[in-house]
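Terminal number for the sequence shown in the working numbering: 150, no gaps in between.
Where is the CB? At the ideal position from N, CA and C, for every residue including glycine.
Source: prediction; values computed, not measured.
One structure below.
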Amino acid sequence: MDVVSQMQKQFVDYKQYLYDQGFLDDQFKQLLQLQDESNPDFVFEVVCLFFEDSEKLLNNLATALQQQMVDYKQVDAHVHQFKGSSASIGAVKVKNACVTFRNYCEEQNRELCEKCLENLKGEYLVVKSKLETLFRMEQQILAAGGSIRV
């Protein structure tokens with residue numbers, strides 16, 4: 001097995017690991033299927049937008065929860081947006097953390113909302129790191145002259 005084939009196998013195995021461990025779901029597979037020769041960076045671009053939105057939403061949430069009078073409707077709106085964007089790329093654990101967070105927004109429980117924010121940050125950073133690893137592997141394969149089969 002040549003180096004490129006080994007790299008391709010590692011890429012496929014790592015991607016499967018992300019599905020098996022519940023980091024990504026079928027929505028990510030659907031995104032991959034939308035990528036083709038005419039739009040080879042489609043998934044990367046969509047995920048980068050998710051990263052940008054997520055950073056803004058995490059900052060907005062932190063700011064909202066630091067207010068003396070927390071506007072739980074606003075917090076819930078940010079969490080709802082985060083849930084939607086994480087679901088759209090298949091980031092299951094982030095989406096699930098948002099579901100829990102929204103329950104505590106309904107209860108207007110600041111302490112548990114703050115804990116949910118920390119959990120959400122953690123899940124987001126994990127999936128971000130894993131997706132960055134996946135994209136790095138993809139770039140190494142392409143740089144070595146290989147291709148990525150969806």
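Burial state of residue i, where buried means 16 or more other Cβ atoms lie within 10 Å
i: residue 48; result: exposed
i: residue 3; result: exposed
i: residue 83; result: buried
i: residue 38; result: exposed
i: residue 99; result: exposed
Which of helix, strand or coil DSSP assigns to residue i
i: residue 144; result: coil
i: residue 41; result: coil
i: residue 71; result: coil
i: residue 76; result: helix
Residue i CB to nearest heavy atom of the ligand SAH below 6 Å
i: residue 113; result: In terms of ligand content, the structure shown is empty, and the ligand SAH therefore cannot be addressed.
Where the alpha helix (DSSP H) through residue i begins and ends
i: residue 7; result: 3-20
i: residue 101; result: 92-107
i: residue 35; result: It is not in any alpha helix (DSSP H) - residue 35 carries neither H nor E in the DSSP assignment.
Beta-carbon proximity list for residue i, same chain, < 8 Å, skipping 5 on both sides
i: residue 145; result: 4
i: residue 50; result: 85, 86, 88, 89, 91
Sequence-distant residues of the same chain with beta carbon closer than 6 Å to residue i, five excluded per side
i: residue 96; result: none
i: residue 138; result: 148
Own chain partners of residue i with C-beta closer than 7 Å, once the 5 adjacent residues on each side are dropped
i: residue 140; result: 7
When you compare the stretch 110-124 with the stretch 8-19, are there three or more beta-carbon pairs, one atom per stretch, that lie closer than 8 Å? In short, these stretches do not touch, since the Cβ pair count stays below three.
Is it the case that the stretch 92-111 contacts the stretch 132-139, given that we only count it when at least three CB pairs across the two stretches are under 8 Å? With a cut-off of 8 Å, the stretch 92-111 and the stretch 132-139 do not count as touching, because too few Cβ pairs lie within range.
Is the stretch 23-34 close to the stretch 53-63, with three or more CB pairs under 8 Å? Cβ pair count under 8 Å is below three, so no.
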